[in-house]
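Enquirer: Residue numbers (the working numbering), protein chains in the order written: chain A, 1 to 84; chain B, 1001 to 1132. For every residue, glycine included, the Cβ atom is placed at its ideal position computed from N, Cα and C.
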Amino acid sequence: MGKAYQSGEQPNWTLLSEAGLVDIPIEEFLERVKEAKKAVVNRLGELLESTTDIEERASAAHSLATLKKLEIALQRKESSDSTD
Amino acid sequence: MRPTEKQPDVPAKWPSEEVQVITFTSRGGSAMGVVKEVRWGLVWRDFILEDGRVIPEHRILGDHESPVWRKAQDISQAEREVWERRLVSMADAGLDPRDEEQPFRAELNQYLAYTYLRFREARHEPPDPKCK
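#1: Compile a chain-ordered list of the residues in the segment 63 to 74 of chain A whose CB is closer than 8 Å to at least one CB of chain B.
#2: I'd like to know whether the C-beta of P1103 (chain B) is nearer than 7 Å to at least one C-beta of chain A.
#3: Compare the Cα-Cα distances from S63 (chain A) to each of B:V1034, B:P1067 and B:E1079 and report the closest residue.
#4: For D1046 (chain B), which three-state DSSP category applies?
#5: With DSSP collapsed to three states, give me the class of T52 (chain A).
#6: Mind checking which residues open and close the beta strand (DSSP E) that includes W1069 (chain B)?
#7: What is the DSSP secondary structure of A1091 (chain B), counted as helix, strand or coil?
#8: Closest to D1063 (chain B) by CA distance: which of B:F1119, B:D1096 and B:F1024 is it?
#9: Below 7 Å on C-beta distance, what does D1096 (chain B) contact in chain A?
#10: Less than 7 Å between C-beta atoms, sequence neighbours within five positions excluded: which residues of the same chain meet that for R76 (chain A)?
#11: Taking just the CA atoms, how far does T66 (chain A) sit from S1089 (chain B)?
#12: Does DSSP put V22 (chain A) in a helix, a strand or coil?
#13: I want to verify the contact list: residues of chain A whose CB lies under 8 Å from the CB of L1087 (chain B), in sequence order.
#14: Compute the beta-carbon to beta-carbon distance between L16 (chain A) and Y1116 (chain B), rounded to the nearest angstrom, for a pair I have assumed lies under 8 Å.
#15: Does the beta carbon of S59 (chain A) come closer than 7 Å to any beta carbon on chain B?
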């Protein structure tokens, strides 16, 4: 990595680094999309139990749809590459 | 070099407009490129090189200011939806995130990082006292 971060200087750095999301390895994109989908589904479950947060619910549903489309496209790409 | 659009919540003095060549970590070690544009993403800044490669700021080598990242809650719904539509259209066009240093890979990486931070923060938010 090109830059050393001091502790506390960039709090999200540690989080993303530990989650392997700063530089996602080439072969892991599909898996990371699936994990993100799972996180959004979990959050949607929480939001559905609440009578408020309608806006966040709609926004999470939109992101879930995006991730689903990305997953399908990446799966299609992987399977077409494996048949070539 | 075209500088990044200003983000009101994030100060970024680096790079100065004179900086045009950067050295960065690449798969095979280090590499160099001429910067065409610096653009804010959902989390960090990307350096777009004249040959089309996209280099995230944290991969740039050298002595410069520490990168500043945006907070997930500072991204508007409109900005997120534009980003999501662009990603889906790139995926539908058959672009491959396994292509090193290409826009689809860079944008998908940032989107997944942002999504992680966004939903992590949402789960860790303290309950709203007004909702008692």
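Expert: On the basis of the coordinates in this document:
#1: S63, T66, L67, K69, L70, A73 and L74
#2: For the purposes of this step, residue 1103 (chain B) is taken as the residue at position 103 of the second sequence. With 7 Å as the cut-off, P1103 (chain B) does not count as an interface residue toward chain A.
#3: For the purposes of this step, residue 63 (chain A) is identified with residue 63 of the first sequence, where counting begins at 1. Ranked by Cα distance from S63 (chain A), the first of B:V1034, B:P1067 and B:E1079 is B:E1079.
#4: What you label residue 1046 (chain B) is simply residue 46 of the second sequence in a count that begins at 1. In the structure shown, D1046 (chain B) sits in a strand (DSSP, three-state: E or B).
#5: Taking the first sequence and counting its residues from 1, one reaches residue 52 (chain A) at position 52. Note: T52 (chain A) maps to coil in three-state DSSP.
#6: Here residue 1069 (chain B) is taken as the residue at index 69 of the second sequence, counted from 1. From DSSP, W1069 (chain B) is part of no beta strand (DSSP E); its letter is neither H nor E.
#7: Walking along the second sequence from the start, residue 1091 (chain B) turns up at place 91. DSSP places A1091 (chain B) in helix when its eight states are reduced to three.
#8: If you number the second sequence from 1, residue 1063 (chain B) lands on position 63. That would be B:F1024, whose Cα lies nearest to the Cα of D1063 (chain B).
#9: Walking along the second sequence from the start, residue 1096 (chain B) turns up at place 96. Neighbours of D1096 (chain B) on chain A, chain order: K77.
#10: Counting from 1 along the first sequence, the entry for residue 76 (chain A) is found at position 76. For R76 (chain A), where only same-chain residues beyond five positions count, there are no Cβ hits under 7 Å.
#11: In the second sequence, the residue the question calls residue 1089 (chain B) occupies position 89. In the first sequence, the residue the question calls residue 66 (chain A) occupies position 66. For the pair S1089 (chain B) and T66 (chain A), the Cα-to-Cα distance works out to about 10 Å.
#12: Counted from its first residue, the first sequence places residue 22 (chain A) at position 22. Three-state result, V22 (chain A): coil.
#13: Residue mapping note: residue 1087 (chain B) aligns to position 87 of the second sequence, counting from 1. Near L1087 (chain B) (Cβ distances below 8 Å), the residues of chain A are T66 and L70.
#14: Along the first sequence, read from residue 1 onward, the residue named residue 16 (chain A) stands at position 16. Along the second sequence, read from residue 1 onward, the residue named residue 1116 (chain B) stands at position 116. Indeed they touch by this definition, with Cβ atoms about 7 Å apart.
#15: On the first sequence, residue 59 (chain A) is found 59 positions in, with the first residue counted as 1. True, the Cβ-Cβ gap to chain B drops below 7 Å.
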